[in-house]
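Be aware that the sequence shown starts at 0, since it is given in numbering that gives the first Met the number 0, and climbs by one per residue. Note that CB positions come from ideal geometry on N, CA and C, so glycine has one too.
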Amino acid sequence: MRSPQLSLLGLFPRDLDREDRLGEADVAIDVEPHPSFPGIYWAVLEDGTKRLSTRNLALGKNVYGERLIKFKGVEYRVWDPFRSKLAAAILKGLETIPIQPNHKVLYLGAASGTTASHVSDIVGEKGHVYCVEFAARSIRDLLNNVCVFRPNMSPILADARIPEGYSSLVEKVEGIYCDIAQPEQAKVLADNADLFLVKGGWSMLAVKAQSIDVTKEPTEVYRREALVLKVRGFKVKETVPLEPYDKAHVMIVSQYF
Ligand code: SAM
Numbered sequence: 000m001r002s003p004q005l006s007l008l009g010l011f012p013r014d015l016d017r018e019d020r021l022g023e024a025d026v027a028i029d030v031e032p033h034p035s036f037p038g039i040y041w042a043v044l045e046d047g048t049k050r051l052s053t054r055n056l057a058l059g060k061n062v063y064g065e066r067l068i069k070f071k072g073v074e075y076r077v078w079d080p081f082r083s084k085l086a087a088a089i090l091k092g093l094e095t096i097p098i099q100p101n102h103k104v105l106y107l108g109a110a111s112g113t114t115a116s117h118v119s120d121i122v123g124e125k126g127h128v129y130c131v132e133f134a135a136r137s138i139r140d141l142l143n144n145v146c147v148f149r150p151n152m153s154p155i156l157a158d159a160r161i162p163e164g165y166s167s168l169v170e171k172v173e174g175i176y177c178d179i180a181q182p183e184q185a186k187v188l189a190d191n192a193d194l195f196l197v198k199g200g201w202s203m204l205a206v207k208a209q210s211i212d213v214t215k216e217p218t219e220v221y222r223r224e225a226l227v228l229k230v231r232g233f234k235v236k237e238t239v240p241l242e243p244y245d246k247a248h249v250m251i252v253s254q255y256f
């Protein structure tokens, strides 16, 4: 199943010719594949800084004002860890990224596509990103500014707490990325996993302590969410704190059995 929502709406990626799509991109000094994570790169910029990047699937288009750079004829998007918890987790030493080229990923809480667009870059043309978001304004921006240029993304206007509502639009996925900043995030993730995640598949859960319980210590909140995952059939592989990029946030990576 490909781009179900786009198809339903009769909207397809614009058939831009190559000339139109090539926007202005700065030249990087060097770009090398990340040693551990396929689809992710290190770019060295002209000031000598090394920045995380992904290969741009929508040539000439940026999503949130991020810089476009070119190296050996290939365009990359610089990935901002202050805007994306996934980039922050990588910089904070995450060991497993269950999002890889050709994967199908269910993304809960896609907002206007900042991180989801990098996930789209990573999984590439043969992968797919199903983007669930319940805020109408965000999903409109996601559709108009991101998904129309990226055939591997499907925007789905829905409540992630009710996965049955979009079960006809999403196929089985290898990974779920959950960043809904709501109470009961682990439960929401597990309910979605029961329907969509293959056995042995992986999940990433961005936990914001305050959105779960302001009266509890963050470490207690993280422990409770991890416990919910364990009870629901996940094996927690690692928990990575995201400071200084994001305060009182961790990324919990787990495998589903
Ligand atoms: N993951 C995004 C990124 O990195 O670009 C940021 C996500 S933001 C922290 C949380 C998003 O989850 C918001 O856009 C919010 O509307 C959405 N959200 C919260 N609860 C939701 C639910 N039950 N179903 C779908 N979306 C939800």
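- Message: Any heavy atom of the ligand SAM closer than 7 Å to the beta-carbon of residue 133?
- Response: Yes; taking the cut-off as 7 Å, the Cβ of residue 133 has a heavy atom of the ligand SAM nearer than that.
- Task: Sort out for me which residues DSSP pairs residue 54 with in a bridge.
- Result: Answer by DSSP bridge pairing, in chain order: 75.
- Message: Using only CA atoms, which one of 143, 173, 180 lies nearest to residue 199?
- Response: Just measuring C-alpha positions, the residue of 143, 173, 180 sitting nearest residue 199 is 173.
- Task: Using beta-carbon positions only, say whether residue 32 and residue 40 come within less than 8 Å of one another.
- Result: Cβ distance < 8 Å, so residue 32 and residue 40 count as in contact.
- beta strand (DSSP E) containing residue 254: first to last residue? Run containing residue 254: 248-255, per the beta strand (DSSP E) assignment.
- Message: Taking 7 Å as the cut-off, is the beta-carbon of residue 232 closer than that to any non-hydrogen atom of the ligand SAM?
- Response: Flag unset: Cβ of residue 232 not near the ligand SAM.
- Message: Across the segment 82-98 and the segment 106-114, are there enough close Cβ pairs to call them in contact, namely three or more that are closer than 8 Å?
- Response: Output reads yes: the segment 106-114 touches the segment 82-98.
- Test item: CB-CB of residue 168 and residue 119 under 8 Å: No. Outside cutoff.
- Message: Within 10 Å of its beta-carbon, does residue 49 have 16 or more other beta-carbons around it, so buried, or fewer, so exposed?
- Response: By the Cβ-count criterion, residue 49 is exposed, with fewer than 16 other Cβ atoms from all chains shown falling within 10 Å of its own Cβ.
- Determine, using beta-carbon pairs with one atom in the segment 125-139 and one in the segment 212-223, whether at least three such pairs fall under 8 Å. Too few Cβ pairs lie closer than 8 Å, so no.
- Message: Any heavy atom of the ligand SAM closer than 7 Å to the beta-carbon of residue 180?
- Response: Because some heavy atom of the ligand SAM lies under 7 Å away, the Cβ of residue 180 counts as near it: yes.
- Throw me the rounded Cβ distance for the residue 188 and residue 175 pair, which I believe falls under 8 Å. About 6 Å separates the CB atoms of residue 188 and residue 175; that is less than 8 Å, so the two are in contact.
- Task: For residue 115, verify whether its CB is less than 7 Å away from any heavy atom of the ligand SAM.
- Result: True, at least one ligand heavy atom lies under 7 Å from that Cβ.
- Item | Counted within 10 angstroms of its Cβ, other Cβ atoms place residue 257 as buried (16 or more) or exposed | One cannot answer for residue 257 here, as it falls past the ends of the chain, which runs 0 to 256.
- Query: Is the number of C-beta pairs between the segment 88-102 and the segment 241-252 that are closer than 8 Å three or more?
  - Reply: Because the criterion of three Cβ pairs below 8 Å is met, the segment 88-102 and the segment 241-252 touch.
- Query: Say the cut is 7 Å; is the CB of residue 84 nearer than that to a heavy atom of the ligand SAM?
  - Reply: Flag set: Cβ of residue 84 near the ligand SAM.
- Just to check, is the beta-carbon of residue 137 closer than 7 Å to a non-hydrogen atom of the ligand SAM? Indeed, a heavy atom of the ligand SAM lies less than 7 Å from the Cβ.
- Query: Regarding residue 108 and the ligand SAM, is the C-beta to nearest heavy atom distance less than 7 Å?
  - Reply: Because some heavy atom of the ligand SAM lies under 7 Å away, the Cβ of residue 108 counts as near it: yes.
- Query: Can residue 79 and residue 65 be called in contact, C-beta distance under 8 Å?
  - Reply: Going by C-beta atoms, residue 79 is nearer than 8 Å to residue 65.
- Could you tell me whether any non-hydrogen atom of the ligand SAM is closer than 7 Å to the CB of residue 54? No, the Cβ of residue 54 stays beyond 7 Å of every heavy atom of the ligand SAM.
- Query: By DSSP, does residue 173 sit in helix, in strand, or in coil?
  - Reply: Residue 173: strand per DSSP, three-state reduction.
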